[in-house]
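Peer 1: Here the numbering used here = 1-based position in the sequence shown + 34.
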Amino acid sequence: MSLFRIEGLVKRFGGLLATDHVNLTVERGEVHALIGPNGAGKTTLVNLITGLLKADAGRILLDEKDITGFKDHQRVAAGMSRCFQVTRVFAKETVHDNLMLAAQAHAGSSLRFMAPRATERGLVERAVALADRVGLGSERHRIAGTLPHGAQRALDVALALAAEPKLLLLDEPMAGMGPDESARMVDLIESLRESMAILLIEHDMDAVFRLADRLTVLVQGRVLMSGTADEVRGHPDVQAVYLGTEAEGHA
Ligand SMILES: Nc1ncnc2c1ncn2[C@@H]1O[C@H](COP(=O)(O)OP(=O)(O)O)[C@@H](O)[C@H]1O
Ligand SMILES: [Mg+2]
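In structure tokens form, the structure reads like this:
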């Protein structure tokens, strides 16, 4: 059974069918990429998945649990975490303090009953481990806002990891990155796949094809196809509507 499943999901904006009966599965240990031209409905679908938007019809299941009616924070608790843009990073706080806050938010009620010092020590250990996990171990005492862009995105990933997700949603993690930073982010995502499934929305097709086990191609709100990288690359319709024409442009 799939870790994550979307069944017949529908979202309308007035007369526009932005999400048209979408089905999608993400398997355990899978990196699944969601691609499609501008306006295809990728962001809408991510917002439906995370609970920012409410679906008009259809179901969303995580680990066989129906989370369709869950609020966004309930979905995080159920095991789904999303990387936001850098805005979630507290720019004036250190890397360590950012991670402490995220660890604290996740610990929530489970640590409330522990002794305060044990709680503090547990959170510090967690923050240190999270920084190491994304390659920021030597930057822990830097003010987050002074980090280079790529490192800030890595910090954003670490903040999402604080929730110990089963499914991690990455919304354009390579946006605005140069080749070196992109390569580091690819390595980071590669290192995460052992412990969680990943749904990746990304315009950088080199990165997508390097990382994704399977891809789902969205066009005008509909799933054009789901398949392996080779299947997607070789599909004539995909080449016509997306890959052969112009990929969504980010300079
Ligand atoms: N809040 C909204 N209200 C009305 N239309 C919207 C809204 N959000 C997105 N849309 C429309 O839904 C379609 C899909 O948009 P979007 O999900 O942003 O696509 P993508 O992320 O693939 O570029 C577009 O036609 C867009 O104009
Ligand atoms: Mg979008």
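By construction, the Cβ of each residue, glycine as well, lies at the ideal position given by its N, Cα and C atoms.
#1: CB-CB under 8 Å to V253, same chain, minus the five flanking residues each way: which ones, in chain order?
#2: Let me check one thing: in DSSP terms, what residues is A67 bridge-paired to?
#3: Go to M259, then tell me how far its beta strand (DSSP E) extends in each direction, as first and last residue.
#4: Quick one: grab the DSSP three-state call for S143.
#5: Which residue marks the beginning of the alpha helix (DSSP H) containing E224, and which one marks its end?
#6: Any contact of the stretch 54-68 with the stretch 224-232, i.e. 3+ C-beta pairs under 8 Å?
#7: Helix, strand or coil: how does DSSP classify T102 here?
#8: List the DSSP bridge partners of D205.
#9: Indicate whether L133 and A112 have their beta-carbon atoms separated by less than 7 Å.
#10: Counting C-beta neighbours from all protein chains within 10 Å, is the total for T78 16 or more, i.e. buried, or is it exposed?
#11: Buried or exposed, going by whether 16 or more other CB atoms sit within 10 Å of the CB of D190?
#12: Specify the secondary structure class of R267 as computed by DSSP and reduced to three states.
#13: Just to confirm, does T78 get its C-beta within under 6 Å of one of the non-hydrogen atoms of ligand 1?
#14: Could you tell me the alpha carbon to alpha carbon distance between M219 and M208, rounded to whole angstroms?
#15: Using 6 Å as the cut-off, classify the Cβ of G75 as near or not near the heavy atoms of ligand 1, replying yes or no.
#16: When DSSP labels each residue in this structure, what does A52 get in the three-state scheme?
#17: Just verifying my parser: in three-state terms, what is the DSSP assignment at N132?
#18: Ligand 1 and F47: does the residue's C-beta get closer than 6 Å to at least one heavy atom of that ligand?
#19: Any heavy atom of ligand 1 within a distance shorter than 6 Å of the CB on A141?
#20: Please report the distance separating the alpha-carbon of E173 from that of A91.
#21: Can at least three beta-carbon pairs, one atom from the stretch 164-179 and one from the stretch 198-212, be found at a separation below 8 Å?
Peer 2: Walking through what the data contain:
#1: Take V253, set aside five residues on each side of it, and the residues of its chain with a beta-carbon closer than 8 Å to its own are G70, P71, A74, V275 and Y276, in chain order.
#2: Bridge partners of A67: L234 and L249.
#3: R256 to G261
#4: In this predicted model, S143 has a pLDDT of only 45, less than 50, meaning its place in the structure is not dependable; the value taken from the coordinates is given anyway. In this structure, S143 counts as helix in the three-state DSSP scheme.
#5: P213 to L226 is the span of the alpha helix (DSSP H), which, as asked, contains E224.
#6: yes
#7: coil
#8: I235
#9: no
#10: buried
#11: buried
#12: helix
#13: yes
#14: Taking the straight line from one Cα to the other gives about 7 Å.
#15: yes
#16: strand
#17: helix
#18: yes
#19: no
#20: 45 Å
#21: no
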